[in-house]
Each structure stands twice: as C-alpha cells, then as structure tokens.
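Asker:
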Amino acid sequence: MCWSLDIEYMDYQAAYRKQGVSALEFDSKGIYLASVTKAGCLTVHDFENLSSQVNFECPSGLKEDETKHLLHISTPQQLDVVRWNLANQDEVACTSMKSSEVHIFDIGYILSDPVEASFSPELLKNIGLSFSLQHAYTILKVLRKRPTGTKSDVHRGLSDIAFSSNSNSRVLASDTYGVVNAWDRRMSDLPCLELTTHSSSKLNSIQLIEENQVVFGACENGIIHIWDLRGGNPATGFRSHKEAHSPVSSVKLASVLEKVGSLKAQSHIVSKGIYSIDIDPSCPYQLAFHLDDGWSGVLDIHNFQVTHVHCPPPPWLDGENVFTSLSCLRKPSWLRTDSVSVFICLIYAVGSAYNDGIHLLDFYPDPSSPCHVDYNEDLQCGPRENSHHKQNRFVPLSEGVTACATHPLNSTIVAGTKRSSLMVISQKYWSADADITV
C-alpha cells in the first residue's frame, strides 16, 4: 500500500474564508461530513456530492454549491467543535469556547422541498441563529451548563463534546475552566454530573472509552486526567444530581516524556498544552496526543508510558516566527485503514504546526514503527519492515491545516484549513513494490 494524492479544493463563502475550519467529523458510515468554522457556520455536507464538485483547473479552488448542503447554519459567535451522536446518527452537535451551551440538531427528516424550521423565531433570536435550509427539517435541542452564580461563568465556554455509543441520552462536554459536564437528556437540560480537575486549566479534548464508563480529558497545562464512572451502579451514578467526581488518576505528559531516554537526551522537555487526544479505533489502548508545539505521540493507557513520539523541527531553525504558526487549535484524526490489507498500518493524520500540509505518522504498535521509542532502523528486517508502510510522510498543501477527518470506509482524508477551505486527499492501494508518489 502506498499513498498517491488527489487533492480537491472546496471554498466556503468569501465572507468566511479567512476565519478557518475549526472542526470536522464524518458520520459512522461516511455518508455525511459535518464541519464548523471560527466564523460560526455549521454545515452538514453530503460527502458524495462534496467530492463530485471538483475543478482541478481552477487554481483558487471551487466555490461550494450551497444548494447541496443538507444543513447550513450561521451563528454570530465562533464554533469550535462538532460531533455526531454515536447512538443516533441523525443528530449532530456543536458548541463554542465562547458559549456555555451545546446545540443538537436532528437532520433525520429529509424532505424534497424546503420547509420552515420547527422552532419559533423568538427562540432563534434568543440564541442568535440564522438558517439556510435547502432540504432539511431540523429540531433544535439545547443543553446548558449549570450556572455557578459567579462572574467566571462568562469565560466558561465549552471546548469538546463526547457522546456515548450505547446511550442516546448521555452527553459530555468539557469546558474552559477544567470541568467535564455530563447530561442525561431524559432528565434535564442541565448537567447531572460534573467531573472536576481541581484546576482552572482549560480542558481542550475529551474521550469516552471502556464501554462508555471511563473519561479521558486533556488540559492546557499538559496533564491528562482520567475519571471512572463505574463506581457503584453506573446508571444511577451518572444520573445523580449535582454530583462532582474527582479524577481517579492524572498523568503529567512531560513527566512520562522525560522517561524516553533518547528524547530527553536531545530535547529540553517542559509542560506543553495538549491540543487533542484520540483513542485509536483499531488498537484501543493507544491514546494519541497532539501538543501545541506540533509534537505528537501515543500514550499506552495500560501502563501510562509513551510508546511513540514525533517531534518536527522547530520553526526557528529556518528563521520562522513561531507565534503566527501556533494560533490554531489543530485537530488530528486516526485513519481507519483497509482491514483486508496484508499489512495493517495505523496512521495518525495531523496538520503541521509550521508548514502548509499534513503529517501522516506511522503509529503501528510495535518497534517497527519509525515513531516508536524503541525503533532501531538497523534491526528492521521483518516483512512489515521491508514494505513501504514504515514511513512517516509529509503531504504539502497550499494552505495551513487546522482539522482532519478520515472517511470510515476508504481512509479518504478531508482537511479543513485556516482559510476555510476543504481539501480532499484520497488514498489508493497499489502493490507493495510500487513507487511512492507523495
């Protein structure tokens, strides 16, 4: 298997072009792609229609046909995260670090003719939404943070969302003040549980794993917190009102990175903000992380040891200004590789912190991966090691990448950029001895 690249460009409206795509996510079947921008746009694309709107001869990209949108919503404030409900793929949710609400939209009612939304103009005015609906009938649900009665509420926006895969009613969202809020939608639009960090450091990313009972949260201060919801009866524990749970464990990432001798010998390791964490869907004990300075790696959640790390050279080596490069909260994605392939290759796609393009990182869970902390190129002689799989690759693009999403069936990558473009990068499977065209 090797990579060849077909890059398709798709622009948002010119008014939103310089705001940046903040998040992307496919539904579980890869039929729909949801995206949000810093300008406040939520769009649900039909991916087949999106991919067909390509003009390779147009150097500036092709303006997207908005009549093809399943849903297009504009808000007056930035949007930072979008997630599909794992238990109900008709629902898509978004929120903002400037807002204390999670907005959930039901796109399950698709009609042939445009219709009016099912909520009143007064409600739309109150939450500041305007709609461009072509063929979608949407129902809006709003989950709110519990007010604390202090002025700090103004700054407690929401940074990430996690849905349970086995419960349509369970929703979690991290906030910018170190708390994970948990809702049971059958009971209230206010949280029934809070997971605390005992710190005001912003939580940037959360993951819900282990049969939806263990929560991982990554902080701006470089710490990963773990909460276990399985104490006593999980169902009653989750629904108990106004409870606050402390982490069962916390991992300072800089401390475990220091245990990697080869890394410590070459780098001065300090605590860095964790932009994103992602559980590997093919190997669920691998928790990938991405840091504010562009480093990426894998934490083994069984023993809390770093097994892989990728450290791109800092920009000042080339005389570049690091401050302009680190302004976007980059969101990577695992590739779901072809299960019929002879060699399984676990790839993590992440936008470069310093260059226009994406890194494709081989995070295969053994020392044959060039990112593995025990990798020794002189000792690589097995069948996987002799293939073209064991390579990290950089894919240059025309714009800086802020978010990546991978198709669940064919590993196509969609990259959202700082200029609000969508770039589609397709993977082709060739013979093992084919030339690398990247």
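Per the UniProt record's numbering, the sequence shown starts with residue 1, numbered consecutively. Yeah, the Cβ is synthetic: ideal placement off N, Cα and C, and Gly gets one too. Given the structure is predicted, the values throughout are model-derived calculations rather than measurements.
(1) Quick one, which of Phe216, Gly222, Glu101 and Ile277 has its alpha-carbon nearest Pro191's?
(2) Fully enclosed by the stretch 240-314, which beta strand (DSSP E) runs are 3 residues long or longer?
(3) By Cβ distance, which residues of its chain are closer than 6 Å to Ser60, with the 5 residues on each side in sequence left out?
(4) List the residues that DSSP assigns as beta-bridge partners of Pro396.
(5) Keeping to the same chain, check which residues put their C-beta closer than 7 Å to that of Lys38; ignore five residues upstream and five downstream.
(6) Would you kindly report the start and end of the unbroken beta strand (DSSP E) that includes Ser22?
(7) Skipping 5 residues on each side, what residues in its chain have a beta carbon closer than 8 Å to that of Glu399?
(8) Quick check: what's the CA-CA separation for Ala265 versus Pro313?
(9) Three-state secondary structure (DSSP) at Ser51?
(10) Rounded to whole angstroms, what is the Cα-Cα separation between Ile209 and Val256?
(11) Considering only the beta carbon of each residue, do Ser159 and Asp175 sit closer than 8 Å?
(12) Would you mind stating whether Leu71 and Thr95 have Cβ atoms separated by less than 8 Å?
(13) Where does Lys331 land, buried or exposed, given buried means 16+ other C-beta within 10 angstroms?
(14) When the distance is taken between beta carbons, is Ser199 closer than 8 Å to Cys219?
(15) If you draw a straight line from the alpha carbon of Lys272 to that of Gly294, how long is it in whole angstroms?
(16) Taking the C-alpha atoms as reference points, what is the distance between Thr75 and Asp228?
(17) With the cut-off set at 8 Å, would you say Ala254 and Val270 are in Cβ contact?
(18) Note down, in chain order, each residue of its chain lying with its Cβ closer than 7 Å to the Cβ of Asp292, except the 5 sequence neighbours on either side.
Answerer: Quick answer:
(1) Glu101
(2) 243-245, 249-252, 274-279, 286-291, 296-300 and 305-310
(3) Residue placement at Ser60 is poorly supported in this model, since its pLDDT is 49, which falls under 50; the coordinates still yield a value, given next. Contacts found: none.
(4) Gly357
(5) Gln19, Gly20, Ser22 and Gln78
(6) Val21 to Phe26
(7) Asp356, Thr417, Lys418, Arg419, Ser421 and Met423
(8) 15 Å
(9) helix
(10) 22 Å
(11) yes
(12) no
(13) buried
(14) yes
(15) 10 Å
(16) 35 Å
(17) yes
(18) Lys272, Gly273, Tyr275 and Leu326
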